[in-house]
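> These protein sequence lines map, in sequence, to chains A and B. Be aware that the first sequence starts at -1, since it is given in the working numbering, and climbs by one per residue. Be aware that the second sequence starts at 24, since it is given in the working numbering, and climbs by one per residue. Note that the Cβ used here is the ideal one computed from N, Cα and C, for glycine as well. Here the structure is a predicted model, which means the values were calculated and not measured. Pasting a structure here, questions to come.
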Amino acid sequence: MKTLEQIIDEILTLASTHFKTDRAALTADDDFFKVLGIDSLQALELLTRLENHFNVELPDYEVQGVSDFRTLAERIEARL
Amino acid sequence: MIDLAQHTSLGSALRAALDQFADETCLIEADRERENHRWTYGEFKARALPLASYLQSHGFKPNARGAIIMTNQSRWSVAAYAIFHSGGVLVPLDYKLSAPEHLASLKHSQAEVLVTEFHMWRAITQCAGFGELTHLKTVIVTDPPKKGDLLNATPFDEARADGEPTFVQRQRDDWACIVYSSGTGGRPKGCVLTHNNYLEQCASLTSLYPFWPGVRYLSILPTNHAIDFMVGFLGPFVCGATVVHLRTLRPEFVREAFTRYQITYVALVPLILKNLQAGLEQRFAELPPFKRFIFERLKALNKMLTRERPNLNLSRKLLSQVHAAFGGELRAIFTGGTFCDPQIIQFFYDLGIQVSIGYGLTEAGTSITLNDLNPFRADTVGRPLPGMQVEVRNPDAEGIGVVAVRSNTVMSHYLDDPELTAETIQHGWLITGDLGRFDATGHLQLFGRAKNMIVTEEGKNVYPEDIENAFGKLPVKEYCVFAANYIWPERSMLGEKLVIVLRLNEGQTFTDELKRQLAQMNSTLLNFKRVSGYVIWDEDFPRTASMKIKRIALADAMRAKVDRQAALQEL
């Protein structure tokens, strides 16, 4: 079973790869819209990547209003 | 198509459609790559009538208000029809609003019935002030948990009662819907739209863009959205067409839906158009050089041959692979033109994909003007639709003034707000607050707003007053949120931003800590409602005798004293 910190770490790595940003510049409490410079549809694209990685399925509404990596990780953790 | 002139209400027209097109496919609901269900009009009726019976058996009377808060799904339309069949007034609420905003709208509209998804209902029950929701009698939820307390709600699939429900006829001037055009943090704007408003708009739009059995409309926007309500519910239903509900906005599934269901029409907000454009551009960039060369030549030829008017058959032949990527049957994409970059629209038109740009606002039904593509003009929002009188009031030297509209589609009034109604509808004319000008060919061009609000790329109206509460604990002397273009007008509706104006305490300086607090409070707002920047203002705000901020006077003072570039700091 993965810990929340492990999930956050993997999310940050995936996000930095997908959106070609510096991994070291991302932290758990960052606003991913802002730090990655993405819109809500790009955030959904990231979500699909995360679903494939963690092998979970999250309805779109689960991430409505979520904008930081930590909360996103908590939503994924709840489905693991 | 059902002859709308023969009907006095939406319930009556829809009821006729359910019978006339009983064997045609009505709704397809897809979730990602899965198809949840596919119903004919007859099957739709078989689901809607028992729900109407249930509502009526639980005391839902004519004129009572029934609210729906749902993501994009077929049961939205079933619930809406059941409410209309029973003579009720529909309150379609935006599922993206927060639970306290839902609660406020439910209270303001005095809804007696709520049809929603369980997780939204649970969130509403957890709001402070939930106990004041005294009008609400019946709650029906979709997607209930397999176990646990439903919090006095009934699962949608169990909300059925035997017996034929009474069909309640309404007249043209009766209320059909109460649609909220702003959030509820400030002054709730519940637009009361009549059956006549919708029937007239539906007749007008379907005369330009006809539907028929076999047409497939892809519904991506939720049906509470004014455009989807018209072209993804009323329009296709009264013509016997098919609506495909996609329960996700994920770009990969949106793209796939076009080909899987061979979509004819779709309505999109600019954000999704931009995403589709980016996907296509990436595919073009990946073409080998020779193929890319050929493609560019074919595109140029298409552009030249369709300059005067579109020629769909020709474009489909010239650029067959592009059209195949959209399923091969796409006839038009509908979008709101006030906030869509003309370059994006031109991109699609050059590929032979028609983007029909409209201009509308909740208070005027769905659409006031629409580009008739004859010729295509990406820089305008088209000509007034049949039956619309549109004027530009008090034009300046360049002919730009406030757009005013008079038509049968203009709302009746704002719910419980005669003062705001009188400000907005003057002698039968709706004063839109948008700035525009007619060009020599009768096309309307828009140049910004005279009102303090923005519309986002997701098509959301955001009023500064609605979000100011989020900054209530900011340790400054006073603050006020504005649309940046309201203080410093720019002749565009693209990239509109909200900004917060801060008046610091005596001796206080703007520190990193204060900026951090500001950013933290901003992050509690939904993404599309956040402020983008801040302005430090060094004078006390002008206020009325009752201590309300005089926003117009403050904006005037700021405009006179500081330059936008110099004053506005990114957050």
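(1) With a threshold of 7 angstroms on Cβ separation, who are the neighbours of D58/A within its own chain once the five nearest residues in sequence on each side are excluded?
(2) Using C-beta distances below 7 angstroms, list every residue in its chain close to F44/B, excluding the 5 sequence neighbours before and after it, in chain order.
(3) Verify whether the separation of the beta carbon atoms of V524/B and F505/B is less than 8 angstroms.
(4) On the CB-based measure, 16 or more other CB atoms within 10 Å of its CB, does H450/B come out buried or exposed?
(5) Along the chain, where does the alpha helix (DSSP H) containing R400/B start, and where does it finish?
(6) Express the C-alpha separation of K552/B and V485/B in angstroms, rounding to a whole number.
(7) Check whether the Cβ of V61/A lies closer than 7 angstroms to any heavy atom of the ligand ATP, and answer yes or no.
(8) I'd like to know whether the C-beta of F31/A is nearer than 8 angstroms to at least one C-beta of chain B.
(9) In its own chain, which residues sit with a C-beta less than 6 angstroms from the C-beta of E593/B, not counting the 5 before and 5 after it?
(10) Give, in chain order, every residue of the stretch 38 to 64 of chain A whose Cβ lies closer than 7 angstroms to some Cβ of chain B.
(11) With a CB to CB cut of under 7 angstroms and the five nearest residues on each side skipped, what residues in its chain are close to N334/B?
(12) Rounded to whole angstroms, what's the CA-CA distance from Q149/B to E72/A? Just pull it up for me.
(13) Taking the beta strand (DSSP E) that G359/B belongs to, which residues open and close that run?
(14) Between E562/B, P211/B, L156/B, Q224/B, which lies nearest to L408/B when the distance is taken from Cα to Cα?
(15) Report buried or exposed for A105/B, applying the criterion of at least 16 other Cβ atoms within 10 angstroms of its Cβ.
(16) Check the C-beta distance from L291/B over to I356/B and give it rounded, since I have them as a contact under 8 angstroms.
(17) Run through DSSP, which three-state label would N325/B get?
(18) Exposed or buried, what is R38/B when buried is set at 16 or more other beta-carbons lying within 10 Å of its beta-carbon?
(19) Please check if any C-beta of chain A sits within less than 8 angstroms of the C-beta of R273/B.
(20) To the nearest angstrom, how far is it from the Cα of C488/B to the Cα of R88/B?
(21) Measuring only the C-alpha atoms, how far is P211/B from H131/B?
(22) Please check the pair L341/B and L324/B, which I expect to be a contact at CB under 8 angstroms, by giving their CB distance rounded to whole angstroms.
(23) What is the rounded straight-line gap between the Cα of L458/B and the Cα of L173/B?
(24) Run through chain C and tell me which residues come within less than 8 angstroms of K170/B, C-beta to C-beta.
(25) Can you tell me whether N59/B is helix, strand or coil according to DSSP?
(26) By the 8 angstroms beta-carbon criterion, what residues does the stretch 82 to 105 of chain B contribute toward chain A?
(27) Please decide whether N397/B counts as near chain A, where near means a Cβ-Cβ distance under 8 angstroms.
(28) To which residues of the same chain is Q540/B closer than 7 angstroms at the C-beta, ignoring the five residues directly before and after it?
(29) Note down, one range per segment and in chain order, each beta strand (DSSP E) of at least 3 residues found wholly within the stretch 554 to 581 of chain B.
(30) Going by alpha carbons, who is nearest to K474/B out of E513/B, H436/B, E501/B?
(31) What is the residue span of the alpha helix (DSSP H) that I25/B lies within?
(32) Would the beta-carbon of L113/B fall within 8 angstroms of that of P188/B?
(33) Which residues in chain A sit within 8 angstroms of H268/B, going by Cβ to Cβ distance?
(34) Using CA coordinates, which residue listed in D462/B, S515/B, H466/B is at the minimum distance from V478/B?
(35) Which ranges does the alpha helix (DSSP H) cover as unbroken runs of at least 4 residues, wholly within the stretch 40 to 119 of chain B, from first to last along the chain?
Judging by the given coordinates:
(1) L42
(2) Y64, P236, G263
(3) yes
(4) exposed
(5) Per DSSP, R400/B belongs to no alpha helix (DSSP H) and is neither H nor E.
(6) 6 angstroms
(7) Because no ligand of any kind appears in the structure shown, any question about the ligand ATP cannot be addressed here.
(8) yes
(9) G556
(10) S38, L39, L42, E43, T46, D58, Y59, Q62, G63
(11) L328
(12) 20 angstroms
(13) 355 to 359
(14) Q224/B
(15) buried
(16) 6 angstroms
(17) helix
(18) buried
(19) yes
(20) Correcting the residue type first, residue 488/B is Glu in the shown sequence and not Cys. Roughly 26 angstroms separates the two Cα atoms.
(21) 8 angstroms
(22) 6 angstroms
(23) 48 angstroms
(24) The question asks about chain C, but that chain is absent: this structure's protein chains are A and B.
(25) strand
(26) T94
(27) no
(28) L497
(29) 556 to 559
(30) E513/B
(31) No alpha helix (DSSP H) contains I25/B, which DSSP labels as neither H nor E.
(32) no
(33) Those do not exist, as H268/B stays about 13 angstroms from chain A at its closest Cβ, beyond 8 angstroms.
(34) S515/B
(35) 64 to 80, 97 to 108
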